[in-house]
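Participant: Below: one structure in structure tokens.
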Amino acid sequence: MMASSIKIRSQRLDDYTEIKLLISHPMENGRNRDPLTNELIPAHFIRELLLQLNGASIIRADLGGSMSKNPFFSFRLKNSRGGDSLRVSWVDNLDQTDSAEHNLD
Amino acid sequence: MQRRNFIRHLISLTLIPPFLQPRLAHAAWPSEHFAGGDFASRFEQLFGGQTIIDSPEINITLPDIAENGAVVPITIDSELERIERLYIWVEKNPTPLAAEFELSPEIAVFLTARIKMAESCNVVVIARQGQRLLRNQQWVKVMQGGCGTG
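From first to last, the protein sequence lines are chains A and C.
In case it helps, this note's numbering puts the first sequence at residues 4 to 108.
In case it helps, this note's numbering puts the second sequence at residues 364 to 513.
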């Protein structure tokens, strides 16, 4: 079983809960060349990122090849209760996908 | 793809808030928004004909000088309410639109991300607040644009 590509951290602060995501992904935009072969590296990037809180969508992002390799995001949730369930999922341009769940701090 | 986009636009015309709209999982990536090309024409394609208001209330935090264009951290935040969408554009990238975010009301207007920058240029953030489009931008000097970035 492969390790999840998604790391989720949350921290409850006075006015909000901060959510941090780190996703392992090459985010190749199709314009880089392999340094050894000089061949173009095919585009391979996450196109959609979805965050769901207790099953309801709270953030949806459409991404392009201008996002950095191993995307990192942080967001702030206004109101959350300890134990709320956060689900993060992505799908890339090759239709590969991954998801992870996390109980909020 | 055109039919898919047509359906997407049809859905967006309804009065149902975006977060209550049923979405086919992973069927809605708007390829035309992320097409390559020059910034002005891509921007016009998305926002043409709509009034855009320059707003310092959309705060952008970016380095003045980015040593490495492959990883440029950006923070966007605002005290404004009802910001439903945020768009991040990098003017000189071959793919000018980096990302668009749909935020539900439970989410504060705050996000950080990391973007690629091919060369020194403006990073333009557009925020949709109801029918209004708000814009702020910041110039970033890029010391080393990653090869093929953007």
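Idealized CB from N, CA, C, for every residue including glycine.
For A/F78, which of helix, strand or coil comes out of DSSP?
Facilitator: Start at 1 with the first residue of the first sequence, and residue 78 of chain A comes out as number 75. Of the three classes helix, strand and coil, the one that applies to A/F78 here is strand, per DSSP.
Participant: Name the chain C residues that come within less than 8 angstroms of A/I62, Cβ to Cβ?
Facilitator: Taking the first residue of the first sequence as position 1, residue 62 of chain A is located at position 59. Under the 8 angstroms cutoff, chain C gives F464, E465, L466, S467, I470.
Participant: Pairs of beta-carbons, one from the region 472–486 of chain C and one from the region 436–445 of chain C, closer than 8 angstroms: are there three or more?
Facilitator: yes
Participant: Please decide whether C/S375 counts as near chain A, where near means a Cβ-Cβ distance under 9 angstroms.
Facilitator: Along the second sequence, one-based indexing puts residue 375 of chain C at 12. Summary for C/S375: the model assigns pLDDT 49, below 50, so the residue's position carries little reliability; its value from the coordinates is reported in the next sentence. No, C/S375 does not count as interfacial toward chain A.
Participant: Between A/D65 and chain C, is any beta-carbon pair separated by less than 9 angstroms?
Facilitator: The residue labelled residue 65 of chain A in the question sits at position 62 within the first sequence. Chain C contact via Cβ: present.
Participant: Using a Cβ cut-off of 8 angstroms, pull out every chain C residue sitting near A/P74, in sequence order please.
Facilitator: In the first sequence, counting from the first residue as 1, residue 74 of chain A sits at position 71. Neighbours of A/P74 on chain C, chain order: A476, R477.
Participant: Measuring CA to CA, which of A/S7, A/A6, A/D18 is closest to A/R84?
Facilitator: Taking the first residue of the first sequence as 1, we reach residue 84 of chain A at position 81. Nearest of A/S7, A/A6, A/D18 to A/R84, Cα basis: A/D18.
Participant: At a Cβ threshold of 9 angstroms, is A/T68 touching chain C?
Facilitator: To locate residue 68 of chain A, count along the first sequence from 1; it is residue 65. Note that residue 68 of chain A is Gly in the sequence shown, not Thr. Chain C, which has a Cβ nearer than 9 angstroms to the Cβ of A/G68, makes this yes.
Participant: Can you look up C/L409 in the DSSP assignment and give me helix, strand or coil?
Facilitator: Counting from 1 along the second sequence, the entry for residue 409 of chain C is found at position 46. Of the three classes helix, strand and coil, the one that applies to C/L409 here is helix, per DSSP.
Participant: With which residues is A/A64 paired in a DSSP beta bridge?
Facilitator: As a first step, residue 64 of chain A must be located in the first sequence, where it is residue number 61. According to DSSP, which records beta bridges pairwise, A/A64 is partnered with A/L52, C/F464.
Participant: Nearest CA to the CA of C/K479: which residue from C/I416, C/I415, C/V505?
Facilitator: Translated into the one-based positions of the second sequence, residue 479 of chain C becomes position 116. Cα-wise, what sits closest to C/K479 is C/V505.
Participant: Does any residue of chain C have a CB that is nearer than 9 angstroms to the CB of A/N41?
Facilitator: Sequence index remark: in the first sequence, residue 41 of chain A carries index 38 (1-based). So, not an interface residue.
Participant: Near C/F464, what residues of its chain come up, given a Cβ to Cβ distance below 6 angstroms and the 5 sequence neighbours on each side ignored?
Facilitator: In the second sequence, residue 464 of chain C corresponds to position 101, counting from 1. Cβ within range, chain order: L449.
Participant: Hey, quick one: how far does the beta strand (DSSP E) through C/G401 stretch, first residue to last?
Facilitator: Position 38 of the second sequence holds residue 401 of chain C. The question names Gly, yet the displayed sequence has Asp at residue 401 of chain C. Premise fails: C/D401 is in no beta strand (DSSP E) and is neither H nor E.
Participant: Do A/W93 and A/S13 have their CB atoms nearer than 9 angstroms?
Facilitator: Position 90 of the first sequence holds residue 93 of chain A. Position 10 of the first sequence holds residue 13 of chain A. Their beta carbons are not under 9 angstroms apart, which means A/W93 does not touch A/S13 by this criterion.
Participant: Counting C-beta neighbours from all protein chains within 10 Å, is the total for A/S27 16 or more, i.e. buried, or is it exposed?
Facilitator: Within the first sequence, residue 27 of chain A is the residue found at index 24, counting from 1. Exposed is the call here.
Participant: In chain order, what residues of the same chain lie with their CB nearer than 6 angstroms to the CB of C/D417, ignoring the 5 residues before and after it?
Facilitator: Reading the second sequence from its first residue, position 54 is the one you call residue 417 of chain C. So the list reads R498, once near-sequence residues are dropped.
Participant: Is the distance from the Cβ of A/L53 to the Cβ of A/P74 below 9 angstroms?
Facilitator: Numbered from its first residue, the first sequence carries residue 53 of chain A at position 50. Numbered from its first residue, the first sequence carries residue 74 of chain A at position 71. Contact check for A/L53 against A/P74 fails: the beta carbons are separated by 9 angstroms or more.
Participant: Which first and last residues belong to the beta strand (DSSP E) in which C/R448 is found?
Facilitator: For the purposes of this step, residue 448 of chain C is identified with residue 85 of the second sequence, where counting begins at 1. Element bounds for C/R448: 448–453.
Participant: Under 8 angstroms, with one C-beta from each stretch per pair, do the region 390–404 of chain C and the region 55–74 of chain A reach the 3-pair mark?
Facilitator: yes
Participant: Using a C-beta to C-beta distance shorter than 8 angstroms, which residues of chain A count as neighbours of C/F402?
Facilitator: Taking the second sequence and counting its residues from 1, one reaches residue 402 of chain C at position 39. The contacting residues do not exist; C/F402 stays about 11 angstroms from chain A at best.
Participant: Shortest alpha-carbon distance to C/D427 belongs to which of C/Q494, C/P419, C/N485?
Facilitator: As a working mapping, residue 427 of chain C is identified with position 64 in the second sequence. That would be C/N485, whose Cα lies nearest to the Cα of C/D427.
Participant: Leaving aside the five residues before and after A/S60 along the sequence, list all residues of the same chain whose C-beta is less than 8 angstroms from its C-beta, in chain order.
Facilitator: Against the first sequence, residue 60 of chain A aligns to sequence position 57. So the list reads L53, L54, once near-sequence residues are dropped.
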